[in-house]
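One structure is given here, and the rest of the page talks about it.
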Ligand code: HEM
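In this note's numbering, the protein residues as written are 379 to 847.
In structure tokens form, the structure reads like this:
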């Protein structure tokens with residue numbers, strides 16, 4: 379291929395563009411946009427209505443959302459600007475994209491927006507920070523912060539490392555297996571001891587399974603508590619989790635351990651139920667996000683032998699249990715940052731307008747669900763050179779410097795991820811341990827088919843063969 383051809387070839391096409399190869403893409407491509415305004419602004423306000431698309435009657439553009447994720451929202455922004463709306467899953471959703479619009483909503487200066495997560499996913503975050511608003515959110519966040527101090531986080535990593543090597547040793551070598559399931563299971567296995575102070579086998583697995591039941595219910599179509607439904611099972615799982623964790627708190631306090639539950643139980647200001655609810659949300663908030671980040675990074679490492687070798691050489695002498703040593707894995711740091719730029723574990727952040735308000739001169743009516751599209755910013759050619767390319771070096775020469783909200787996979791503003799350092803440590807420690815033991819690669823012709831129904835993961839399970847190094 380010519381130098382020019384090389385430059386113009388779109389990489390990671392499925393992440394930055396809506397597809398056109400599959401029959402389903404052809405079908406979805408034919409759905410008419412049906413432009414319409416969201417709501418009429420109050421007379422004399424000088425505000426403009428939010429432009430957008432109705433899509434198909436009843437279903438709107440829900441299938442587009444699930445299939446293309448941020449690429450669909452990027453196209454929506456191109457069509458209608460940084461504040462637009464579309465219909466999916468039975469509701470009208472406002473999408474705010476681009477640094478200015480995202481900043482207005484996340485900065486939330488006049489408290490016009492509240493958390494939109496409970497209304498989207500259900501009651502699974504209740505009692506956790508992300509479901510709270512000011513002033514309760516600020517008060518609880520100050521207390522919870524004590525469990526995220528540097529010393530505390532170093533302790534969680536030590537506990538994770540106790541299980542990491544032993545669990546990775548059980549992964550198949552020389553045989554094809556699905557990395558998606560394996561990484562998800564591994565994340566749960568190294569969570570139990572670090573967050574709850576219990577070994578995975580036995581009650582740890584039961585807690586992780588019950589938390590996963592709640593996570594899975596986010597995508598349930600039928601939200602009714604009828605026996606046999608996913609929604610009903612998730613309610614039962616949550617009731618058990620709250621009871622079990624509530625009972626575990628006094629014991630956790632007494633053992634004065636290094637695990638999250640034990641550390642949080644010693645923070646003054648919470649009763650046992652509050653500790654249990656914060657711990658439960660922490661398990662939920664950390665499990666899928668770190669799974670998605672680990673998967674994305676493992677995928678890109680598998681596609682890029684140069685980065686794999688560089689990361690492996692650096693990981694060779696770094697003890698996984700030592701947070702300072704994992705912090706110093708700068709190559710993996712670049713790789714993970716670039717991987718979660720392209721595949722953001724949480725590419726949209728949900729808010730609801732608490733009252734009539736405006737974003738960049740567009741009228742947002744009270745009660746309106748708003749999707750803050752940080753994942754779109756991470757793909758915008760206005761903010762990144764060749765955003766389609768996997769190029770960790772862009773962080774080495776600080777391409778994002780001075781571009782606020784160009785890179786925001788951990789959110790921004792009052793709800794910014796409190797577990798960012800721990801999340802990065804967990805993902806880097808997992809990848810370092812894997813690189814030290816194994817080699818893996820994906821053919822150049824293979825592009826993972828990402829799906830965005832819940833947190834992003836390849837639809838095909840990411841078939842992988844490991845070889846011992
Ligand atoms: C790569 C891993 C992770 C990613 C990409 C991630 C992403 C995020 C994002 C985007 C938010 C903000 C959501 C919003 O504003 O609506 C958030 C909040 C949060 N995250 Fe993370 N997260 C990760 C790992 C973790 C870990 C390991 C923990 C805990 C151990 C954690 C705990 C939390 C909590 C408690 C909040 C709520 C903060 C608040 O509402 O004040 N996260 N995370």
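Heads up, the beta-carbon is just placed ideally off N, CA and C, and yes, glycines get one too.
Alpha-carbon spacing of residue i relative to residue j, whole angstroms
i           : j           : result
residue 816 : residue 433 : 46 Å
residue 813 : residue 616 : 36 Å
residue 523 : residue 702 : 20 Å
residue 818 : residue 810 : 13 Å
residue 487 : residue 792 : 10 Å
residue 466 : residue 518 : 33 Å
residue 607 : residue 600 : 8 Å
residue 404 : residue 398 : 6 Å
residue 592 : residue 737 : 33 Å
residue 576 : residue 582 : 6 Å
residue 381 : residue 684 : Low confidence applies to residue 381: its pLDDT is 41, below 50, so where it sits in the model is not reliable enough to give any reading.
residue 511 : residue 768 : 37 Å
residue 528 : residue 752 : 27 Å
residue 676 : residue 836 : 12 Å
residue 624 : residue 670 : 29 Å
residue 860 : residue 603 : In this structure the chain extends from 379 to 847, so residue 860 is not present and cannot be described.
residue 387 : residue 525 : 46 Å
residue 652 : residue 686 : 43 Å
residue 834 : residue 668 : 11 Å
residue 824 : residue 707 : 28 Å
Assigned secondary structure, residue i (DSSP; H/G/I helix, E/B strand, else coil)
i           : result
residue 335 : Shown here, the chain extends from 379 to 847; a query on residue 335 therefore has no answer.
residue 556 : strand
residue 728 : strand
residue 431 : strand
residue 465 : strand
residue 422 : coil
residue 828 : strand
residue 753 : helix
residue 789 : coil
residue 413 : strand
residue 794 : coil
residue 599 : coil
residue 698 : coil
residue 568 : coil
residue 627 : helix
Closest residue to residue i among the options (Cα-Cα distance)
i           : options            : result
residue 705 : 832, 799, 462      : 799
residue 689 : 657, 808, 534      : 808
residue 566 : 554, 672, 451      : 672
residue 693 : 494, 387, 806      : 806
residue 492 : 833, 695, 732, 742 : 732
residue 560 : 549, 553, 655, 569 : 549
residue 790 : 400, 728, 553, 629 : 728
residue 413 : 427, 402, 421, 502 : 427
residue 740 : 394, 461, 543, 396 : 461
residue 803 : 697, 830, 833      : 697
residue 821 : 830, 832, 842, 829 : 842
residue 449 : 721, 776, 844, 435 : 721
residue 564 : 554, 553, 580, 543 : 543
Distance CB(residue i)-CB(residue j) smaller than 8 Å
i           : j           : result
residue 644 : residue 535 : no
residue 452 : residue 757 : yes
residue 497 : residue 747 : yes
residue 778 : residue 390 : no
residue 755 : residue 551 : no
residue 590 : residue 571 : no
residue 749 : residue 568 : no
residue 786 : residue 761 : no
residue 661 : residue 573 : yes
residue 505 : residue 664 : no
residue 657 : residue 678 : no
residue 852 : residue 502 : An answer regarding residue 852 cannot be provided, because it is not within the stretch 379 to 847 covered by the chain.
residue 598 : residue 620 : no
residue 726 : residue 674 : no
residue 430 : residue 464 : yes
residue 648 : residue 521 : yes
residue 641 : residue 530 : yes
residue 335 : residue 781 : Since the first residue shown for the chain is 379 and the last is 847, residue 335 is missing from the structure and cannot be characterised.
residue 759 : residue 716 : no
residue 828 : residue 392 : yes
For residue i: DSSP bridge partner residues
i           : result
residue 741 : 736
residue 747 : 471, 730
residue 493 : 729
residue 816 : 846
residue 841 : 556
residue 438 : 434, 466
residue 836 : 828
C-beta neighbour in chain C for residue i, strict 8 Å
i           : result
residue 486 : Structure shown: chain C not included; a single protein chain is present.
Cβ-heavy atom distance, residue i to ligand 2, below 7 Å
i           : result
residue 519 : By its list of ligands, the structure shown excludes ligand 2, since it contains just ligand 1.
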